[in-house]
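Protein chains in written order, with this note's numbering: chain A, 14 to 224; chain B, 14 to 224. Cβ coordinates follow ideal geometry from the N, Cα and C atoms, glycine included.
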C-alpha cells in the first residue's frame, strides 16, 4: 500500500474489520455483510475495503484470506510491535491483563512506575521497572510505542520521560491532554470522554425521535 | 439545539472542545486557537463550533462563557447522568478511581460483579453489588447508562444482563463485540483497538515521508 494515503477515518475502522474478518468462517465475505454486522454504512465499508484490497468483485465479495492478509499488511501487524506501559496502578495492571494486544500484533515488554511496591499487585510475568530505567530500556530494545496509564497528576511528567526515551507514538489513556514534542504522535483514549460522546449520541438521537 | 442534527464526527469532538474551553482563562476564544491547541483542522473546528453556538464573530471569536454553556447544553451535561459499571476487576477498579467522570456530568452509582470478594480491593465508597441486583437497582434509580468492564469471556453474558436491566447506552470497554437489542446504543472503547489505530497512523505517516 506504499504511497497510498488512507484517511484517518478509514484507518480508525480497519482494526474493526480485521477483528471481524479474523472471526469469519467463510471463504468469501462481502462489504454488505461486514457493514450489517458492524453497524456501519455499506457505502463506507465498500470504500474502506476497496482502498486496502483489490481482490473484491461485485456480488461475490472478497476472498476472506486475501482481505485478511491485506488488512494485516496495511495495519503493519505482520511485524510484531514492542510496546511499554507507563503506570502500574489499577489501569496499568488492567492493561497488563487485557487480552487482545497480541492478536493485534503488540507485545507488551515492560511496565514502568516510580512505585516499585506495586510489583506485588502485578499478576503477569511482564517486568515492572523504575521510571529512570525507561530511556536505556527503550533504546536497547528499539521501542518506539508506549501507553500512558498514570494518574492525571503525573501525566505530563511521565509524557516528558516517554519523549526522552525515544517514544514516537503514545496512546494517552489518561483524561488529561499532554504537551509532547512535534515528532511524537499522540492518540487519546479517555474513557470519560468516550462516555460523553456516547451520551451525546444517545441524547441527539432521542431529540431527533422527539421532533 | 433541538431539531438540529449533528454528525457523529462532530459529536465525537465536542467533549474535547468542552475540556479545552473549560480550562481557558480568556474572555474570548477563536476556533483558530482551539484548532491549533488540539491539533485539528481549522475549518473543521469552525464548522463544529458554528453548529453548537451562534455567538461567534469573525476575527473576534466566541465569548468563552457562552460557548461553554452551549457545549454543555448540547452534550447534556447540565443534567447529571447516573451510570453503573459492570465488572469490578482491575479495569472496573481503575474506572472507579478515574477522575474526569464528574467533570463531564457523570455520577458513578454502583459497580456490579459476580465476585463479592472484590470488595476488599475497592478503595472508593461506591458500592459493589451482585449481578442479580442490577435490574432492580437500575430500575429503582432510573439508570440507563452503563460501562462494560468485565473480562472478554464474560462480556456477552454481562451485556445480556445490562439489557435486562434497562440499560439503553453501553460503553463497551472490552475487546469483544457484543450482541445487544436494537434499542441499545453501544460505543466500543477498546484500548488494543486504539493502539492498532495509532500504529496504523504512525505507519502510514512514515510511509508518506518515505515516498
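Find out if the Cβ-Cβ distance for the pair residue 191 (chain A), residue 100 (chain A) is shorter than 8 Å. Taking 8 Å as the cut-off, the Cβ atoms of residue 191 (chain A) and residue 100 (chain A) do not count as close.
Close beta carbons around residue 114 (chain A), own chain, < 7 Å, minus the five adjacent residues each side: These residues qualify, in order along the chain: 121.
Applying a beta-carbon distance threshold of less than 9 Å, which residues of chain A neighbour residue 198 (chain B)? Using a Cβ-Cβ cut-off of 9 Å, residue 198 (chain B) is close to 211, 214, 215 and 218 of chain A, given in chain order.
For a contact meaning CB atoms closer than 8 Å, what does residue 160 (chain B) contact in chain A? 204 and 208, listed in chain order.
Which residues in the same chain have their Cβ closer than 7 Å to the Cβ of residue 58 (chain A), if we skip the five residues on either side of it in sequence? Contacts found: 44, 47 and 48.
Examine chain A for any beta-carbon lying closer than 8 Å to the beta-carbon of residue 87 (chain B), and answer yes or no. Interface residue, yes.
Could you work out which residues of chain B lie near residue 1 (chain A), taking near to mean beta carbons separated by less than 8 Å? Here chain A has residues from 14 to 224 only, and residue 1 (chain A) is not among them.
Residue closest to residue 208 (chain A), alpha-carbon to alpha-carbon, out of B:206, B:151, B:88 and B:179: The option with the nearest alpha carbon to residue 208 (chain A) is B:88.
Along the region 61-84 of chain B, what residues have a CB closer than 7 Å to any CB found in chain A? Residues of the region 61-84 of chain B with a Cβ closer than 7 Å to any Cβ of chain A: none.
Comparing the C-beta of residue 28 (chain A) with each C-beta of chain B, is any distance below 8 Å? Yes, because at least one Cβ of chain B sits closer than 8 Å to the Cβ of residue 28 (chain A).
Tell me whether residue 111 (chain B) sits in a helix, a strand or coil according to DSSP, three-state version. Reduced to three states, the DSSP call for residue 111 (chain B) is coil.
Let me know the secondary structure DSSP gives residue 72 (chain A) once reduced to three states. It is coil, neither helix nor strand.
In the structure shown, what three-state DSSP assignment does residue 181 (chain B) receive? If DSSP states are grouped into helix, strand and coil, residue 181 (chain B) belongs with coil.
Taking only three categories from DSSP, how would you classify residue 45 (chain B)? Three-state result, residue 45 (chain B): helix.
Out of curiosity, what's the CA-to-CA distance linking residue 63 (chain B) and residue 199 (chain B)? Here the alpha carbon of residue 63 (chain B) sits roughly 28 Å from the alpha carbon of residue 199 (chain B).
With H, G and I counted as helix, E and B as strand and the rest as coil, what does DSSP make of residue 130 (chain B)? Three-state DSSP puts residue 130 (chain B) in a helix.
Taking three-plus beta-carbon pairs below 8 Å as touching, is the region 130-147 of chain B in contact with the region 65-84 of chain B? Touching, no, given that fewer than three Cβ pairs across the two stretches are closer than 8 Å.
For the region 96-114 of chain B, list every residue whose C-beta sits within 9 Å of some C-beta in chain C, in sequence order. Of the protein chains in the structure, A and B, none is chain C.
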